[in-house]
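Residue numbers (my numbering): 3 to 569.
Structural data, given as structure tokens:
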């Protein structure tokens, strides 16, 4: 496999994870889970997938995901309500993306005619939801628009430009600093922060790849078109956000949400989003000190907090007073937080809106919680894993042979040493075998979508309950068990769970219940598929068995024996 093929294969597999997160979130929306965190998680999944497609230059996937992202952005900003079959259309979009990813995984980087036609139809269907928002916005009076702008404006007399260059900018002959020089021709750069959050370890760096980005404040009388034209040659190879002077709060909130998923201090979030400048932070801190609000007692002996770190402490206290403690806010042990929070002072000075402070606190809290729950994963090809397990097996045999020879020698020290070695080898063997174990939840997670689609197809209301998803099986078994499980689930829905009117007539709830369960039992893994339907029809099974000559018409069978006939 060539290096390019390897890159595309890794992209396809990692994109599948984002696609699963997107699909799970959409299914949650359909069940009424419309909280802000769910909407943000769905948007992040689409945004991440689009960005990854752009990095590997799969333009058709990037373009289609961009359409999904726009619609999801309208949803999370409250400009669009869920309804009218929207979730179904979005799920069809997920199916289309899955087909595109399968094609990439197979080595095809272009579209066939069928996929191209499907994509166009879906883009039309998705974009049909958005114009209503634009029309509604256009119908507002000029007075209402002006009033909204006045109420939702953050003080800023500069353009704020957030740019993160793509990896191939240098290879294409572009020089990132040249764009800064070009900006200087339009005005004065009042603030510049170099972003190195994408910088890998030194040994992993590619000298031909660009890992940098910039947060720029530009004081200029130029219009937005002129500022955007500076980046014309890299528009397709970078993530670019341009916020005009006196931007609305909603623009800053979107930029805060789009910041890289890293553990940021609140002051950094506010400054990097352009909602606050370093000078404004310093003025706020000076006011705070003059009020006698800061008292330090840190073990490191540092004085009053200054700069971004100090801002983070103050804003963290403000966030805590708004919505409880925020983890990872940057507070040193032994430091007493100010009585008057810095965030409150900044809001009183009208340099930042309370909504922006709250958004920054929420961003940090969400990232901290997500980091705490994430697992560190390394992708390894299955053949390499199999090779390791084979070598460990040979090591176990060699260790047992050495142990036997040591016992024959009669040397107690040698016997003890080889016994310890044998135990360690056995531990290595167990750990190596554990590497192949994966949670069956990876297979179970595909069934909520299956149950949703099939229940709509059958006209039945069916609830899926999954338990034991954390049960572990060998990866090869998990991969092979998917299709048989799908067959059982379909059978349960088709033939097990009765139509709604039949259930009601039998005194059952109108909604059927389908359960997937996995658990350990006496060294074995048991996977159960059960439903609350009518059960097996004894007379029907017996009649079919007689028809096929499996049993005779006069033969007497118990219920258990009849039920076994289906196998």
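Ideal Cβ positions, reconstructed from N, Cα and C, are used throughout, including at glycine.
If the five residues before and after residue 394 are omitted, its C-beta is found closer than 7 angstroms to the C-beta atoms of 430, 431, 434, all from its own chain and listed in chain order. With a cutoff of 8 angstroms on beta-carbon distance, residue 78 and residue 41 are scored as near each other. Taking 8 angstroms as the cut-off, the Cβ atoms of residue 523 and residue 540 do not count as close. For residue 487, there is no enclosing beta strand (DSSP E); the residue is part of the alpha helix (DSSP H) that begins and ends at 477-493. Within the same chain, 45 come within 7 angstroms of residue 75 by CB-CB distance, once the 5 residues on both sides are set aside. Under the 8 angstroms Cβ criterion, the segment 462-472 counts as touching the segment 446-454, having at least three qualifying pairs. Contact between the segment 123-132 and the segment 194-212 is absent: fewer than three C-beta pairs spanning the two stretches fall below 8 angstroms. With a 10 Å radius around the Cβ and a threshold of 16 neighbouring Cβ atoms, residue 67 comes out buried. Residue pairing of residue 196 in beta bridges, as defined by DSSP: 216. Residue state for residue 524 is assigned as coil, using DSSP reduced to three classes. Residue burial annotation: residue 409 is exposed, with fewer than 16 other C-beta atoms found within 10 angstroms of its C-beta. For the pair residue 182 and residue 92, the CB atoms are not nearer than the 8 angstroms cut-off.
Ranked by Cα distance from residue 228, the first of 184, 414, 80, 567 is 184.
Leaving aside the five residues that flank residue 517 on each side, the residues in its chain whose CB is nearer than 6 angstroms to its CB run, in chain order, 467, 532. By the neighbour-count criterion, in which 16 or more other beta carbons inside 10 Å mark a residue as buried, residue 245 falls on the buried side. In the structure shown, residue 293 falls within a coil segment according to DSSP collapsed to helix, strand and coil. DSSP, reduced to helix, strand and coil, places residue 169 outside both helices and strands of the structure shown, so it counts as coil. By the 16-neighbour rule on beta-carbons within 10 angstroms, residue 489 is exposed. Between the beta-carbon of residue 214 and that of residue 198 there is about 7 angstroms, and that keeps the pair under the 8 angstroms contact cut. Taking C-beta separations shorter than 7 angstroms and ignoring five residues to either side along the sequence, the partners of residue 9 in its chain run 58, following chain order.
Contact between residue 221 and residue 189 is confirmed by a C-beta separation of about 5 angstroms, below the 8 angstroms threshold. In its chain, beyond the 5 residues on either side, 565 have a beta carbon closer than 6 angstroms to the beta carbon of residue 538. Distances from the alpha-carbon of residue 200 to those of 14, 496, 167 put 167 closest. Excluding residues up to 5 positions away in sequence, 512 lie with their Cβ nearer than 7 angstroms to the Cβ of residue 506 in the same chain.
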